[in-house]
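Residue numbers (the numbering used here): 681 to 1021.
Okay, structure first, notes after.
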Amino acid sequence: MRGGVAPRLEVGELAGRGLGVVLGRGPRRLELRRSGHRVTSRPSRSRRRGPVSYLSQVTSPDSADGDGRPEDPREWRDDVLRRALDGAGDGGWGPVVVLGSTGSTNADAADQVAEGAPEGFTVVADEQTAGRGRLDRTWTSPYGAGLAMSVVLRPVVPDESWGWVPLTAGLAVVEALARQGLRCGLKWPNDVVVPGPDRAGGPGPRKLGGILVERVGRALVVGIGVNTGLRADELPVPTATSARLEGVAVSRERLVVDVLDALRGRYARWQQGQGDARRTGLLDEYGAACVTLGAEVRALLPGERSVEGTAYAIDDQGRLLVRTGGGGTESVSAGDVTHLR
């Protein structure tokens, strides 16, 4: 990313934490022919079932040889992705669908929810042209320059706990990137960031990726975007960055597998704990990863109200607690937070 529906729900506070509602989207078969790529599905050949049961292979019509191996280094290396998926631990999730290009992986995954997509159904795209971020911002992923993926979840914990899903997904992305040597953190609520000044001379941090979770009936679609290979001239804003610009070569194929693995473990723990972030350790883990804590911030709240102060804690509902200049405390559940210094 870059930059049978339940009764209508007011998104309200949850929207500010990356959780929205998809309404009125009818069922549609996932279109697998995009941008001249041939997409085929076949069972995993591994005897040991990985986190997915099937992988859709994407091959380029312009490949140099007959086995579909792409010439462009930004193309998905399907053999690598397949081996990585097959070698992962058994989690019962899947299948994974890999697309050459799509408007939005979240929209594709949401369409499949009505078709009965199972928990862990995942859509991954080489290029995303009409993705969305939090607060209705656009987020596109140029061909081969980032990871755009969406995962279907079907939680059975109380609805009031669902706001922790975007934060949990952010933790999974941070862990997955750390496995490849890229240390990053989370700007509240779920921006994946690299600490330090941005390229415009601001205090930072530099945004590497983000999470958008949308509700479709009783399911959630977790959209994840990470800038992996963007060059400086491809950055949408000076406050953004990419793994490439941070000096780390990230394998997108490995990143897909590691994100699924890290998300699956935390999600299972959260479900077993009935959505209690404190009891399951997610609250402490998020606090340790959140670079917003201790920073001077400005929070733009719904209704054009804003507050400034020091962010000092995350509460059990995932809200940001800000100590204002007058000694009071503001509890921020939705809005746009800027680090001032």
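Built from N, CA and C at the ideal position, the CB exists for glycine as well.
Strand pairing of residue i, partner residues [DSSP]
i	result
C970	L866
S841	DSSP lists no partner for S841.
L833	L900
L1000	I994 and V1012
A979	V987 and V1017
A948	The partner list for A948 (beta bridge, DSSP) is empty, contrary to what the question assumes.
A828	A805 and G905
Coil, strand or helix - residue i by DSSP
i	result
E984	coil
L910	coil
E965	helix
R749	At R749 the pLDDT is 33, less than 50, meaning the model places this residue with poor confidence; the figure from the coordinates comes in the next sentence. Of the three classes helix, strand and coil, the one that applies to R749 here is coil, per DSSP.
T919	coil
R886	strand
E933	helix
L815	Because the pLDDT at L815 is just 47, under 50, the model does not fix this residue reliably, and the point stays unresolved.
V776	strand
V1012	strand
E855	helix
G1005	coil
R879	coil
R895	strand
V872	strand
V928	coil
P798	coil
D956	coil
G850	helix
Q860	coil
L940	helix
S733	For S733, the predicted model reports a pLDDT of 29, less than 50, meaning its position is unreliable; a value from the coordinates is still stated below. Residue state, collapsed to three classes: coil.
Proximity winner among the options, relative to residue i (alpha-carbon distances)
i	options	result
T990	G983, L981, P982 and G1005	G1005
G783	V804, G876, G945 and H1019	V804
S830	R898, I891, N870 and G861	I891
Y992	L862, G927, T960 and L973	L973
V872	A979, A852, R958 and T1009	A852
V936	V1012, L962 and V854	V854
R932	A825, Q808 and T785	A825
D964	L847, D839, V778 and V837	L847
E807	E799, Y823 and V928	Y823
H1019	S1011, A858 and K867	K867
D956	L761, E799 and V837	V837
D941	L857, S1013, E988 and R834	L857
P883	A787, Q860, D788 and E976	E976
G1007	L827, D878 and V987	V987
L910	R898, G927 and G897	G927
V778	P798, A797 and A828	A828
V896	P835, L915 and V1012	P835
V785	V939, E795 and T809	Here residue 785 is Thr; the residue named in the question, Val, does not match the sequence. Closest by alpha carbon: T809.
E984	A1014, Q860 and R859	A1014
D839	P869, R978 and R898	R898
8 angstroms contact criterion, which residue i and residue j should meet: CB distance rounded
i	j	result
V793	V832	6 angstroms
G774	F801	7 angstroms
G876	R863	11 angstroms between Cβ atoms; not a contact.
G889	V971	Actually they do not touch by this definition, with Cβ atoms about 14 angstroms apart.
E1022	A790	What the structure shows of the chain is the stretch from 681 to 1021, and residue 1022 is not part of that stretch, so it cannot be assessed.
D1016	L980	5 angstroms
T960	G967	So it is not a contact: roughly 13 angstroms between Cβ atoms.
Inter-stretch contact at 8 angstroms, needing at least 3 Cβ pairs: the stretch 980-998 / the stretch 836-854: yes
Stretch-stretch touch, CB-based, cutoff 8 angstroms, three pairs: the stretch 940-949 with the stretch 911-924: no
Stretch pair the stretch 901-917 + the stretch 949-957: three plus CB contacts closer than 8 angstroms: no
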